[in-house]
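Under the numbering used here, the first residue of the sequence shown is numbered 762, with each subsequent residue one higher. Glycine included, every Cβ here is placed at the ideal spot set by N, Cα and C. Predicted model, so just to flag it, every value in this text is computed and none were measured. This report concerns only the one structure given below.
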Amino acid sequence: MQLALLAALLAGSHALAPVIQTRRKTVLHSDMIKGSVVGEDGITAEVAPQDDDLADPPQTMAQCLQQAQDATVAAIEDGQILMDVEFPPLAADLMDDPNTSAGDMAGANTRLAIKYAQGIHTRTGKKVAILYPDVPELERAVEQSGSNNPQPGVSLHSLRASIAEAETPQQAFFALFGKGKEMVREVPDADVYVGLTFSAQELPDVEELDTREASKKPIILFNLKLDTQRGDLGLPAFPPKDLQWRFLSRAKAVYFLRTRQYTLSLPEPPFVVNYQGAIFRQYPGPFQCLLDTGKAFRPVSTSARRPALGEFKETITMALKIGAKSPSNEGKNRKFFRTGVKAITWWEEDKEGLEEHTEWRE
762 MQLALLAALL
772 AGSHALAPVI
782 QTRRKTVLHS
792 DMIKGSVVGE
802 DGITAEVAPQ
812 DDDLADPPQT
822 MAQCLQQAQD
832 ATVAAIEDGQ
842 ILMDVEFPPL
852 AADLMDDPNT
862 SAGDMAGANT
872 RLAIKYAQGI
882 HTRTGKKVAI
892 LYPDVPELER
902 AVEQSGSNNP
912 QPGVSLHSLR
922 ASIAEAETPQ
932 QAFFALFGKG
942 KEMVREVPDA
952 DVYVGLTFSA
962 QELPDVEELD
972 TREASKKPII
982 LFNLKLDTQR
992 GDLGLPAFPP
1002 KDLQWRFLSR
1012 AKAVYFLRTR
1022 QYTLSLPEPP
1032 FVVNYQGAIF
1042 RQYPGPFQCL
1052 LDTGKAFRPV
1062 STSARRPALG
1072 EFKETITMAL
1082 KIGAKSPSNE
1092 GKNRKFFRTG
1102 VKAITWWEED
1112 KEGLEEHTEW
1122 RE
């Protein structure tokens, strides 16, 4: 990834490419069959009439940031404490580029988080502390942004203190491995926290911060890909699954934009259909299941509760219209081979009823 290209894309929000693209590139599958897309080869989609009250999905990163700020300010005014903000930090073509590294993603998120936090401060007057998991992550961010205070009312901090600040040998030992709740540090003069680049192993530190803050300052989990993090819980060397039940289940998705691309195989022409959609939510509005109809992303359905990923896929799949071959006309056997036995994750299902909060679904 050329740094000059990233710098040009991230220098100003007006220069950023669309967050979600309404036409994906041509795909040739292993059998050399060209995949058809919605809007071509007689493939259409059944969507509901456009509701003027629904938020439109963003077309540029500037719109995305503005919507995220609007949603966050509204949620803070409503007294929300733990919030999730999720959207693609780079343009769609860069997100799909294998040359885009984790460092590129972290750098993009830092730039976006600073702009996002600046807007929160300007509109609310609250001081925003952007938190990184540890000192090395903070130092990289400061080097990139040029200062610990990149904008008025916005400051960069490490949630964990450095080993040099350890008060006991035991603290120093645990700090070497990023462990020990005693090394978690609050930012006394901050009014709002924005957590950035935290991995699943580091999320318990955010929970510790939330527990300590008796004043319950808002904590925003910014582009942490929490669904990916949830999938790691319970694995060796990762926190147990109850981190989801007691803590992450409180994280309300105040701004959520997740795009997905799928392929539908058919027994006759056009044989392969490529389609894409997105789950979109801008607080306090509902969750929308969006389908790329060839010209724009249109809502197929809306819900007050967050749809499971398998449910979302089925919703936009059933909206496809391919004549007699439409998924809505398929029999039970064909549907079984298309969907499988189970299309829901353990945290979406909560089979044993262990979930302590439902904000993440609402």
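Identified DSSP bridge partners for Leu-892: Beta-bridge pairing links Leu-892 to His-918, Gly-956.
With DSSP as the reference, identify every bridge partner of Ile-912, one or two as the case may be. First, the amino acid is wrong: residue 912 is Gln here, not Ile. According to the DSSP secondary-structure assignment, Gln-912 is paired through a beta bridge with Val-915.
My output table needs one value for Leu-1052: the three-state DSSP class, helix, strand or coil. Shown here, Leu-1052 sits in a strand according to DSSP, grouped into three states.
Using DSSP's beta-bridge definition, name the partner residues of Phe-1058. In the DSSP secondary-structure assignment, Phe-1058 is bridged to Asp-1053.
Pick out whichever of Gln-1022, Gly-995, Thr-885 has its Cα sitting closest to the Cα of Asn-1035. Comparing Cα positions, the closest option is Gln-1022.
Selection from Ala-829, Gly-956, Asp-817, Pro-819 that minimises the alpha carbon distance to Tyr-1016: Of the listed residues, the one whose Cα sits closest to Tyr-1016 is Ala-829.
Between which residues of its own chain and Gly-840 is the CB-CB distance below 6 angstroms, once the five residues before and five after are set aside? Here the set comprises nothing.
For Gln-962, collect the residues of the same chain with a Cβ closer than 8 angstroms to its Cβ; drop the 5 residues on either side in sequence, then sort them by chain order. Within the same chain, and ignoring the five residues on either side of Gln-962 in sequence, the residues whose Cβ sits closer than 8 angstroms to its Cβ are Gly-939, Ala-998, Phe-999, Pro-1000.
Considering only residues of the same chain and omitting the five flanking positions on each side of Trp-1108, which have a CB-CB separation below 7 angstroms? Excluding sequence neighbours, Trp-1108 sits near Arg-991, Gln-1005.
At the level of alpha carbons, what is the spacing between Ala-816 and Lys-1112? Distance from the CA of Ala-816 to the CA of Lys-1112, rounded to the nearest whole angstrom, comes to 33 angstroms.
I need the straight-line Cα distance from Ala-869 to Pro-850, nearest angstrom please. Approximately 6 angstroms between the Cα atoms of the pair.
Determine the direct distance from the alpha carbon of Glu-1029 to that of Asp-865, and round the result to whole angstroms. Computed Cα separation, rounded: 42 angstroms.
Presumed contact (8 angstroms Cβ cut-off) between Ser-919 and Tyr-893, rounded CB distance: Sure, about 5 angstroms apart at Cβ, within 8 angstroms.
Ranges of the alpha helix (DSSP H) found wholly within the stretch 823 to 871, counting only runs of at least 4: Taking 4 residues as the shortest admissible run, the stretch 823 to 871 contains the following complete alpha helix (DSSP H) segments, listed from N- to C-terminal end: 853 to 856.
In whole angstroms, what separates the C-alpha of Arg-973 from that of Asp-966? Rounded to the nearest angstrom, the two C-alpha atoms are 11 angstroms apart.
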